[in-house]
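Residues in the sequence shown are numbered from 0 upward in steps of one, following numbering that gives the first Met the number 0.
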Amino acid sequence: MDKYLEIRRKFEEIEDRENAISMAKYMRNLFPFYGIATPKRKAVYKDFLKEEKKLEKIDWKFLDQCYQDSHREFQYFVCDYLLAMKDYLTYEDIPKIKQYIIRKE
Numbered sequence: 000m001d002k003y004l005e006i007r008r009k010f011e012e013i014e015d016r017e018n019a020i021s022m023a024k025y026m027r028n029l030f031p032f033y034g035i036a037t038p039k040r041k042a043v044y045k046d047f048l049k050e051e052k053k054l055e056k057i058d059w060k061f062l063d064q065c066y067q068d069s070h071r072e073f074q075y076f077v078c079d080y081l082l083a084m085k086d087y088l089t090y091e092d093i094p095k096i097k098q099y100i101i102r103k104e
């Protein structure tokens, strides 16, 4: 299964619509949310990140796909992915990370 679709499916399975409304309101309705609290969200992809680390390579195409998703949890996921993979980041990756910062607030 496509990695992006796998993460999306997992998020959709534990979506909390009531919490999503509160989260969106807190962020001035700038982003849609699945309504997943941070500990639960991180638990969803903990094993996934362990497997990605074994590849010893950052999958920028996958991250771009995740970051383009309108749900805020995907932007949080990209940050967590990059933190987990920090040993594989290079100076050449700075412009890519900068684009994530610039594209969404």
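No residue lacks a Cβ here, since even glycine has one placed at the ideal position from N, Cα and C. Computed from a predicted model, the values in this text were never measured in an experiment.
Close Cβ partners of residue i (< 8 angstroms) along its chain, the five nearest in sequence each way excluded
i   : result
I6  : V43, Y44, F47, C65, F73, F76
K9  : V43, Y44
K41 : D79
G34 : E14, D15, R16, E17, N18, A19, I20, S21, M22
Inter-residue spacing [alpha-carbon to alpha-carbon] between residue i and residue j
i    : j   : result
E135 : H70 : The structure shown has nothing for residue 135, since the chain only spans 0 to 104.
Y25  : K53 : 37 angstroms
A36  : E51 : 23 angstroms
L62  : L4  : 12 angstroms
E17  : N28 : 14 angstroms
Y99  : K49 : 23 angstroms
K2   : F32 : 20 angstroms
F30  : D68 : 10 angstroms
Contacts around residue i, its chain only, beta-carbon distance under 7 angstroms, and the 5 residues preceding and following it disregarded
i    : result
K103 : Q74
Own chain, CB closer than 6 angstroms to residue i, minus 5 neighbours either side, in chain order
i   : result
D92 : none
M84 : I57
Limits of the unbroken alpha helix (DSSP H) element including residue i
i   : result
T37 : 37-54
F30 : Counting along the chain, F30 falls outside any alpha helix (DSSP H), and DSSP gives it neither H nor E.
Sub-8 angstroms separation of residue i and residue j beta-carbons
i   : j   : result
K39 : I20 : no
I96 : L82 : no
(request) Check whether the segment 86-104 touches the segment 45-60, taking contact to mean three or more Cβ pairs, one atom from each stretch, closer than 8 angstroms. (result) yes
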